[in-house]
Amino acid sequence: MAENISQSVPRHIAIIMDGNGRWAKQHGLKRMFGHQRGVQTVHDITEAAAELGVEYLTLYAFSTENWNRPQEEVDALMSLLVDTVAKETPTLMKNNIRLLTIGDITRLPEKARVKFQTCMEQTAANTGLKLVVALSYSSRWEITRAVQLIAEDVKKGNFSADDINESLVSSYLTTGDMPDPDLLIRTSGELRISNFLLWQSAYTELYFTPCLWPDFTVEHFKEAIADYSRRERRFGKTTEQLQK
Ligand code: IPE
Ligand code: IPE
Ligand code: MG
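The sequence shown lines up with residues 129 to 372 when you count with our numbering.
This is the structure in structure tokens:
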């Protein structure tokens with residue numbers, strides 16, 4: 129079913145990459161092995177998205193709530209991020225991919241923050257896929273921060289409360305001028321959003337698969353896109369209105 133997808137490739141795909149720990153458990157391994165295998169999936173899916181002509185790929189790599197995991201796992205994940213960014217930069221350059229991040233990166237250990245900053249600078253002029261990594265991200269954090277920033281600007285007299293509209297609120301989110309996601313994929317069978325892109329996904333098509341992230345292949349990815357391309361997005365209108 130993966131043929132014919134070129135007609136309606138989503139402009140922006142967001143992914144909740146879940147199930148690394150369960151994958152490791154299934155294989156009798158420690159959780160970190162699952163995260164390591166998950167990095168290979170990130171590599172493959174990113175290259176596939178670039179090839180398919182997706183404009184934005186947003187990957188949920190570490191949530192605000194993930195700071196509450198055992199310290200040992202948090203530390204190991206941070207080192208994995210550091211290693212991965214350094215190792216993957218040549219692939220990003222080769223594929224003309226630009227790296228961006230959303231989230232509270234001030235909470236990251238300095239080494240990780242510097243690696244991400246360096247990679248963002250190195251890839252800044254790339255004009256292909258924008259790979260947006262959500263790090264120490266949660267929607268409630270992002271919306272709270274946006275409300276604070278808006279309140280400060282009202283206080284400074286930059287605009288009045290009456291001027292606040294949806295596009296102004298959107299512009300204060302960390303996603304800034306990015307288009308809203310067209311398709312949100314979650315692996316591992318969990319049927320929830322876990323504090324990811326709550327505002328931005330108001331009209332996003334949702335796709336849930338039981339497949340664990342380390343087992344998620346380019347074929348699975350293409351199947352999700354094919355499924356998306358068969359849907360009718362009505363944005364509150366009727367089918368008849370769309371056919372006009
Ligand atoms: C997703 O896999 C990766 C992160 C949240 C960092 P999990 O680590 O949540 O894997 P499960 O859900 O325990 O299987
Ligand atoms: C969501 O996965 C966050 C990421 C994939 C980074 P979790 O595994 O943290 O989500 P919950 O706790 O099962 O909702
Ligand atoms: Mg999980």
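Ideal Cβ placement from N, Cα and C applies to all residues, glycine included. Note that the structure is predicted; figures quoted are calculated from it, not measured.
**Message:** Could you compute how far the alpha carbon of I225 sits from the alpha carbon of R273?
**Reply:** 28 Å
**Item:** Cβ-heavy atom distance, N148 to ligand 2, below 6 Å
**Value:** The answer is no for N148.
**Request:** Decide if the stretch 273-284 is in contact with the stretch 242-249; the criterion is three or more beta carbon pairs, one per stretch, under 8 Å apart.
**Result:** no
**Message:** I'd like the span of the alpha helix (DSSP H) that includes S329, first residue to last.
**Reply:** No alpha helix (DSSP H) contains S329, which DSSP labels as neither H nor E.
**Asked** My guess is that R358 and E333 are in contact by the Cβ rule of under 8 Å, so how many angstroms apart are they, rounded?
**Response** A Cβ-Cβ separation of about 10 Å leaves R358 out of contact with E333 under the 8 Å criterion.
**Prompt:** Does any C-beta atom of chain D lie closer than 7 Å to the C-beta of K258?
**Reply:** Among the protein chains of the structure shown there is no chain D, as only one such chain exists.
**Prompt:** From H348 to G147, what does the alpha carbon distance come to, in whole angstroms?
**Reply:** 15 Å
**Request:** Determine the closest residue to R114 out of L319, L259 and V297, with distance taken between C-alpha atoms.
**Result:** As shown, the chain starts at 129 and ends at 372. That puts residue 114 outside it, with no answer to give.
**Prompt:** Taking C-beta to C-beta, are S191 and S266 nearer than 7 Å?
**Reply:** yes
**Prompt:** Looking at C-alpha atoms only, which residue of K158, T303 and Q250 is the closest neighbour of G213?
**Reply:** What sits at residue 213 in the sequence shown is Val, not Gly. Considering only alpha carbons, the answer is Q250.
**R150 in three-state terms, based on DSSP** = helix
**Prompt:** Does the stretch 334-344 come close enough to the stretch 159-167 that 3 or more CB-CB pairs lie under 8 Å?
**Reply:** yes
**Item:** DSSP state of L185 mapped onto helix, strand, coil
**Value:** strand
**Message:** Given 6 Å as the limit, tell me if N194 has its C-beta closer than that to any heavy atom belonging to ligand 2.
**Reply:** yes
**Request:** Check whether the Cβ atoms of F324 and Y188 sit closer than 7 Å, and answer yes or no.
**Result:** yes
**Request:** Kindly indicate which residue of S295, I173, E216 and R320 has the alpha-carbon position closest to the one of I141.
**Result:** I173
**Item:** 7 Å Cβ cutoff met for T229 and L263
**Value:** For T229 and L263, yes; Cβs fall inside 7 Å.
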